[in-house]
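Worksheet for the structure shown next.
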Amino acid sequence: MKALLRRVTPWTALLPLAITVLVGYFGAALWSLFISMTSSRTFPSTNFVGLEQYERLFDNERWQLALHNLAIYGLLFIVACMVIGFLLAVFIDQKVRGEGLLRVAFLYPYAMSFVATGLVWQWVLNPDSGLQNAMQHLGWKDFTFDWIIDQDMAIYTIVIASVWQASGLVMALMLAGLRSIDEEIWKAARLDGVPVWRVYLSIVLPMLGATLATVFVLLSTAVVKAFDVVIAMTQGGPGTASDLPAKFIMDHLFGRANLGLASAGAMVLLLTVLIIVAPLLYARSRRKEART
Amino acid sequence: MSGVKISDLAISFAGNTVIAGLNLEVHEGEFLVLLGPSGCGKSTLLHSIAGLIDVSGGRIDIGGEDMTWAEPSERGIGMVFQSYALYPNMSVEGNMSFGLKVAGVKKDEIRRRVAEAAALLQLQPLLSRKPSQLSGGQRQRVAIGRALVRQAGIFLFDEPLSNLDAKLRAELRHELKLLHRKLGATMIYVTHDQTEAMTLASRIVVMKSGVIQQIGAPTEVYEKPANRFVAGFLGATAMNFVSGQVRGGRFEGALSVDLSSYAGKPQEGQQVVLGLRPENLSLDPHGPWEAQLQLLEPMGSHHVAWLRLADGSELSAILPAGSAVPPEGPVRIAADLNALSLFDATSEHRV
Amino acid sequence: MKRRSHFTPARIGVYGFLLFAAAFFLAPLYVMLTTSFKSMDEIRLGQIFALPQAFSLNAWRAAWSEACTGVSCEGVSGGFWNSVIIVVPSTILPILIGALNGYCLSFWRPRGANLLFAILMLGAFIPIQVMIYPLVKLEAALGLYSSLPGIIVVHIVFSMPMMTLLFRNYYAAIPLELFKAARIDGGGFWRIFVQLMLPMSVPIAIVATIMQVTGVWNDYILGLVFAGRENLPMTVQLNNVINTTTGERLYNVNMAATILTSAVPLMVYLISGRWFVRGITAGAVKG
Numbered sequence: 164m165k166a167l168l169r170r171v172t173p174w175t176a177l178l179p180l181a182i183t184v185l186v187g188y189f190g191a192a193l194w195s196l197f198i199s200m201t202s203s204r205t206f207p208s209t210n211f212v213g214l215e216q217y218e219r220l221f222d223n224e225r226w227q228l229a230l231h232n233l234a235i236y237g238l239l240f241i242v243a244c245m246v247i248g249f250l251l252a253v254f255i256d257q258k259v260r261g262e263g264l265l266r267v268a269f270l271y272p273y274a275m276s277f278v279a280t281g282l283v284w285q286w287v288l289n290p291d292s293g294l295q296n297a298m299q300h301l302g303w304k305d306f307t308f309d310w311i312i313d314q315d316m317a318i319y320t321i322v323i324a325s326v327w328q329a330s331g332l333v334m335a336l337m338l339a340g341l342r343s344i345d346e347e348i349w350k351a352a353r354l355d356g357v358p359v360w361r362v363y364l365s366i367v368l369p370m371l372g373a374t375l376a377t378v379f380v381l382l383s384t385a386v387v388k389a390f391d392v393v394i395a396m397t398q399g400g401p402g403t404a405s406d407l408p409a410k411f412i413m414d415h416l417f418g419r420a421n422l423g424l425a426s427a428g429a430m431v432l433l434l435t436v437l438i439i440v441a442p443l444l445y446a447r448s449r450r451k452e453a454r455t
Numbered sequence: 022m023s024g025v026k027i028s029d030l031a032i033s034f035a036g037n038t039v040i041a042g043l044n045l046e047v048h049e050g051e052f053l054v055l056l057g058p059s060g061c062g063k064s065t066l067l068h069s070i071a072g073l074i075d076v077s078g079g080r081i082d083i084g085g086e087d088m089t090w091a092e093p094s095e096r097g098i099g100m101v102f103q104s105y106a107l108y109p110n111m112s113v114e115g116n117m118s119f120g121l122k123v124a125g126v127k128k129d130e131i132r133r134r135v136a137e138a139a140a141l142l143q144l145q146p147l148l149s150r151k152p153s154q155l156s157g158g159q160r161q162r163v164a165i166g167r168a169l170v171r172q173a174g175i176f177l178f179d180e181p182l183s184n185l186d187a188k189l190r191a192e193l194r195h196e197l198k199l200l201h202r203k204l205g206a207t208m209i210y211v212t213h214d215q216t217e218a219m220t221l222a223s224r225i226v227v228m229k230s231g232v233i234q235q236i237g238a239p240t241e242v243y244e245k246p247a248n249r250f251v252a253g254f255l256g257a258t259a260m261n262f263v264s265g266q267v268r269g270g271r272f273e274g275a276l277s278v279d280l281s282s283y284a285g286k287p288q289e290g291q292q293v294v295l296g297l298r299p300e301n302l303s304l305d306p307h308g309p310w311e312a313q314l315q316l317l318e319p320m321g322s323h324h325v326a327w328l329r330l331a332d333g334s335e336l337s338a339i340l341p342a343g344s345a346v347p348p349e350g351p352v353r354i355a356a357d358l359n360a361l362s363l364f365d366a367t368s369e370h371r372v
Numbered sequence: 394m395k396r397r398s399h400f401t402p403a404r405i406g407v408y409g410f411l412l413f414a415a416a417f418f419l420a421p422l423y424v425m426l427t428t429s430f431k432s433m434d435e436i437r438l439g440q441i442f443a444l445p446q447a448f449s450l451n452a453w454r455a456a457w458s459e460a461c462t463g464v465s466c467e468g469v470s471g472g473f474w475n476s477v478i479i480v481v482p483s484t485i486l487p488i489l490i491g492a493l494n495g496y497c498l499s500f501w502r503p504r505g506a507n508l509l510f511a512i513l514m515l516g517a518f519i520p521i522q523v524m525i526y527p528l529v530k531l532e533a534a535l536g537l538y539s540s541l542p543g544i545i546v547v548h549i550v551f552s553m554p555m556m557t558l559l560f561r562n563y564y565a566a567i568p569l570e571l572f573k574a575a576r577i578d579g580g581g582f583w584r585i586f587v588q589l590m591l592p593m594s595v596p597i598a599i600v601a602t603i604m605q606v607t608g609v610w611n612d613y614i615l616g617l618v619f620a621g622r623e624n625l626p627m628t629v630q631l632n633n634v635i636n637t638t639t640g641e642r643l644y645n646v647n648m649a650a651t652i653l654t655s656a657v658p659l660m661v662y663l664i665s666g667r668w669f670v671r672g673i674t675a676g677a678v679k680g
């Protein structure tokens, strides 16, 4: 009896894990997949319609705009965060004084919620009382910065706020990577007469491959999930000009009561994430095999 | 013209003086070993010769020119590090040619130098491999190769063998000695291992707490150590020390030793410490001293005998293998009186 | 040869860049603070980078207890306490479960558990929108929807990947010999966990606490959907106060409210310093 109990106990301890994975993740995903292929509107229905919702989704102008915005937002956000984060890490690593204070200045935004970030930047970029107004007060009478109410430029304001929030994270991760590089490699490069910028380019960056890949994946998943900051900063506006897929889906799940369409959108998001993450996980498992 | 002259060198970190007033001349073509325990300043000295550490005073001349403030790459030196410090993303060939590429050396010249170094170090089959695909010994050879292609007159080694296992260490030690003979370049080598120092050096510099204790050829430093620290540091099995006093031309302590064949001039009544190396002690049934044989350790090539004197002090003796060894118990011992050392009890200097 | 100078143009460039960047990153904080201390007249007539002329705490008082959402005018203080009630169990429970999972996966390794773990890790990447509606239906069926237990369960579900990963990696670094010795000493599953592993887990528990407190406090979407009107966390209330206003927007109150909402995670960050960074880097090394 005791032996049986001993065998069973680890499994019972893992019950929360099992339930969460099977029901909360797996089950929920399957359910959403199913709904995305039905004609559910306010309530789930079992009327199977195949891929019709997906067709309707990609015909939807608002969804197209959301995808377009996602591409712009994603590209700019990832590139800007990685470049700025990398430069910040490199410069801080130059044995500067006040490193501790500088790191706090760059990383504290990451401790703030997306909502707070969006609200602050909404205030700063407000044309009537924010940056534009301040510049005009200070003498530049013709200065304009009304992107946040401009249909074509609103999405860029969200990029600015997001980059402000996440660059510190990239910096922290890159700095950890930089610091894990053996001091003696720097000495050897110095002996070889290699200038500092060339060391970063030809030696350090290649060594940081794993860190760069991790950062890329983290940022990409953040892009796909971007919701709070849009709500707080522009509410997706003006109109739907700064809409992003996550907001589109949430609106249709609750407000506009179109479960089938929303679920289809969710599935598309899921597919996007898997496409980004799969290569990384594959490369990781290959590297693990090579090591053992 | 590839000697190094260090004059009045001072180095301090964060207010702590690590090295002060150090003078050293490295002759062209010699293999100089900086030997000492951790923290004695040997690595610091080496790094300052390389230009990787700033000095706070003094002067370093390399090849006759003042290089105290020159960049490491301008000093005409090559260096091999303890952790090899190979560039992980480049092949062996890449590692050896990168510095030359950056310096703008012509491609043909680079290829020639890499081939030469590879031949010298038997690296030809490994040229396209990455460091992660090499063994420790191979990586160290690549590190040496990277230093060789610089065609410098002086090579610096920072404990290059400490990361290798014992067998590999012996192999590479052998190869380094051959390399030095072949190249005839000046080599400055840092280690805490006295075996490496003894086998490789043309001269040994023993250091402690940033101060040079003794400079000399291996045999000189071994047979005539300048102070008690040097005496205790060198020698695989440590030297035996017995305290006592000089009285009437003899050393009087747990042993009574005739000093007539001793080269130094101790004073009457001086408190001294007698130093005797284990290999200079032997079991002799007609020997002048009594002792208890406590333990015998057979080492294969020799035996180590642990003896106890009447006053409780311990001595070790090295006996040749195959010699007749009595069972544990009372024995008589003798010593080679031409091979002893006397150190003043207070100053610890050699008398 | 001359001594090398420390003030090279490159060095000046480095400091210049860093100080300029620091100004960009600190500017919003500066604006938040100065705005919250100004009066509305000052804000209307002046510009955001000016220092407050008359220092006033009125906006803070209003933000805490008088600010209006669409429905009521009670400030964000209610949200503050709601967030506290949500955060505490949503930190303790996921950490315990994560530790248990990590312990089980590292030392006992029942068959198939690694597959579950792999799916869990994959699940961490799934966008929430995929799971929100099914979870709503499930909770509604269990009577948990729009309630405090409801939001806590949801936080447990969504933080399980990260918590399990943290503890599993931490326990993987503990020698298996220690565990075997404990079993030889007669320890069973729970005893080893409670008496040996948990006490050893203090460093990683600190990291996990920091990450959970920050993550749950800053959450918006889950609180919005699952907490129910009486339990709305501070982030949701904040957004309601600022973005659903009739009449003139009281920017000073808004900024004060934003600072109040960010106060807890900012404090956690400033106090924990290096632990916070350890959390980020540990979380980034997925798998």
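As you go down the protein sequences, you meet chains A, B and C in turn. Start counting the first sequence at 164; every next residue gets the next number (our numbering). Start counting the second sequence at 22; every next residue gets the next number (our numbering). Start counting the third sequence at 394; every next residue gets the next number (our numbering). Beta carbons are placed, not taken as given, at the ideal position from N, Cα and C, and that holds for glycine. Just so we're clear, the structure is a prediction, and the values are computed from it rather than from any experiment.
- Our two residues, D612(C) and G261(A), have alpha carbons roughly 32 Å apart in a direct line.
- Between A517(C) and L558(C), the C-beta spacing is below 9 Å.
- Take V287(A), set aside five residues on each side of it, and the residues of its chain with a beta-carbon closer than 7 Å to its own are G293 and L294, in chain order.
- Non-local beta-carbon contacts of A420(A) in its own chain, meaning distances under 8 Å to residues more than five positions away in sequence, involve R204 and T205 in chain order.
- Following the DSSP letters along the chain, one finds R642(C) in no beta strand (DSSP E), marked with neither H nor E.
- Three or more Cβ pairs closer than 8 Å define a contact, and the region 42–61 of chain B meets that threshold against the region 224–231 of chain B.
- Taking 8 Å as the upper bound for CB-CB distance, P341(B) and L314(B) are not in contact here, some 16 Å apart.
- Judged by their CB atoms, G265(B) and Q292(B) are nearer to each other than the 9 Å cut-off.
- Looking at the backbone, the Cα of S330(A) and that of L228(A) are separated by about 26 Å.
- Closest option to T220(B), judged by alpha-carbon separation, among R96(B), K198(B) and V211(B): K198(B).
- Within chain A, no C-beta atom comes less than 7 Å from the C-beta of V25(B); the nearest is roughly 16 Å away.
- Closest by C-alpha distance to L591(C), out of V609(C), A620(C) and R561(C), is R561(C).
- In this structure, the alpha-carbon of E467(C) lies about 44 Å from that of I512(C).
- The count of Cβ pairs closer than 8 Å, one atom from the region 266–275 of chain A and one from the region 330–347 of chain A, reaches three, so the stretches are in contact.
- Under the 9 Å criterion on CB atoms, Y445(A) is classed as non-interfacial with respect to chain C.
- Secondary structure at M100(B): strand, using DSSP grouped into helix, strand and coil.
- Contact between the region 309–322 of chain A and the region 398–416 of chain A is present: 3 or more CB-CB pairs across the two stretches fall below 8 Å.
- In this structure, G187(A) sits away from M200(A), with a CB-CB distance that is not shorter than 9 Å.
- Among the CB atoms of chain A, one or more fall inside 9 Å of the CB of R167(B).
- Proximity to G505(C) across A181(A), K258(A) and A297(A) peaks at A181(A), based on C-alpha coordinates.
- Remark: fewer than three beta-carbon pairs, one from each stretch, lie closer than 8 Å, so the region 446–460 of chain C and the region 296–304 of chain A are not flagged as touching.
- The beta carbon of S282(B) sits closer than 7 Å to the beta carbons of L358 and N359 from its chain, once the five residues preceding and following it are set aside; these are given in chain order.
- In the DSSP annotation of this structure, R504(C) is not part of any alpha helix (DSSP H), being labelled neither H nor E.
- Membership of I597(C) in any beta strand (DSSP E) is not indicated; the residue belongs instead to the alpha helix (DSSP H) covering V595 to W610.
- The count of Cβ pairs closer than 8 Å, one atom from the region 68–78 of chain B and one from the region 31–51 of chain B, reaches three, so the stretches are in contact.
- Under DSSP, S28(B) shares a beta bridge with R80(B).
- Going by DSSP, P272(A) is part of the alpha helix (DSSP H) stretching over E262 to A274.
- Not a single CB atom of chain A sits nearer than 9 Å to the CB of F560(C).
- At least one beta carbon of chain A lies nearer than 9 Å to the beta carbon of G99(B).
- Each of A427(A), S383(A) and L416(A) was checked against the Cα of V440(A), and the nearest Cα belongs to S383(A).
- Taking a contact to require three or more Cβ pairs closer than 8 Å, the region 206–215 of chain B and the region 162–182 of chain B qualify as touching.
- Where Y319(A) is concerned, the enclosing alpha helix (DSSP H) starts and stops at A317 to R342.
- The Cβ atoms of V163(B) and L147(B) sit closer than 9 Å to each other.
- Distance between P173(A) and V595(C), taken at the CA atoms: about 22 Å.
- Distance from the Cα of G418(A) is smallest, within the candidate group S458(C), T401(C) and Y526(C), for Y526(C).
- Just measuring C-alpha positions, the residue of L426(C), G579(C), V550(C) and L493(C) sitting nearest I521(C) is V550(C).
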